[in-house]
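Position 136 of the sequence shown, counting from 1, maps to 135 under numbering that gives the first Met the number 0, and the rest follow consecutively.
Following: one structure in structure tokens, then a few remarks.
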Amino acid sequence: MPYSITNLANRWRVPPASTGDPVLRGTQYLEELRQATPDFVRVELEGELCDRMKMCGWIGLQIQRINQHLQSLLEECEACLHSADRPSVQILAAPLATDLGLEGICILQPPITLLIDVGRVLPQDWLGLVAHEYAHAVVGSPGHTVQFQQTLTHLCLGLGLPSPPTGRSSESLASWPPCRPQIHPTAFWLGRTALPHC
Ligand SMILES: [Zn+2]
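This is the structure we're talking about:
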């Protein structure tokens, strides 16, 4: 029986009710994400087995803190729009397979879900990444169209991020705002990257 993605973010923004095994909790988080997202979204940790166990343990201990911070970034984006224009969106951190070539993804089937690979982008640039995926949610399309550009420009102005220059090709829009990559994505999930104040 697949987990329902509805309320997944709500449940994984709060600390666990009891102190269980962090590795099991992290494993459960990844499993719930996998079961609740389409097959093409490949949620996976990379590296040796012992490192993946450590990453699961770190996720088990820290994931609610990361997801709560992402929620606050999402709310900053939402505040740029009138309430009537805001789609219902949830947001979760997820390690995505490297060969997908994605730092984040907006799953448009309701409930609209933003998955953010916080391991691939410096924490200072998470807001830009969230704004990009949120713009897809607002427009309701995965494409980098004129309407997407207008929405992203509005969000960037509201958030104090650099606006996409006019006349950009859809390929350039696909990576706007510019986000600085983490040099070692696995290091983040091992807890070796300083976290933002969240
Ligand atoms: Zn995009």
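Ideal placement from N, C-alpha and C gives every residue a C-beta, glycine not left out.
- Under the three-pair Cβ rule at 8 angstroms, the region 3 to 18 counts as touching the region 58 to 76.
- In the structure shown, P21 falls within a helical segment according to DSSP collapsed to helix, strand and coil.
- R24 and S168 have their C-alpha atoms spaced approximately 43 angstroms apart.
- If you check the C-beta of H143 against ligand 1, you find a heavy atom less than 7 angstroms away.
- Annotation: the continuous beta strand (DSSP E) that includes L91 extends over V88 to A92.
- With a 10 Å radius around the Cβ and a threshold of 16 neighbouring Cβ atoms, C49 comes out exposed.
- Separation of the CB atoms of N66 and W11 is rounded to 5 angstroms, and the pair is thereby assigned contact status at 8 angstroms.
- Straight across, the Cα-Cα distance linking Q108 with R191 is about 34 angstroms.
- Counting every other CB atom within 10 Å of its CB across the protein chains shown gives E31 a total of 16 or more, marking it as buried.
- Here DSSP, grouped into helix, strand and coil, assigns V117 to coil.
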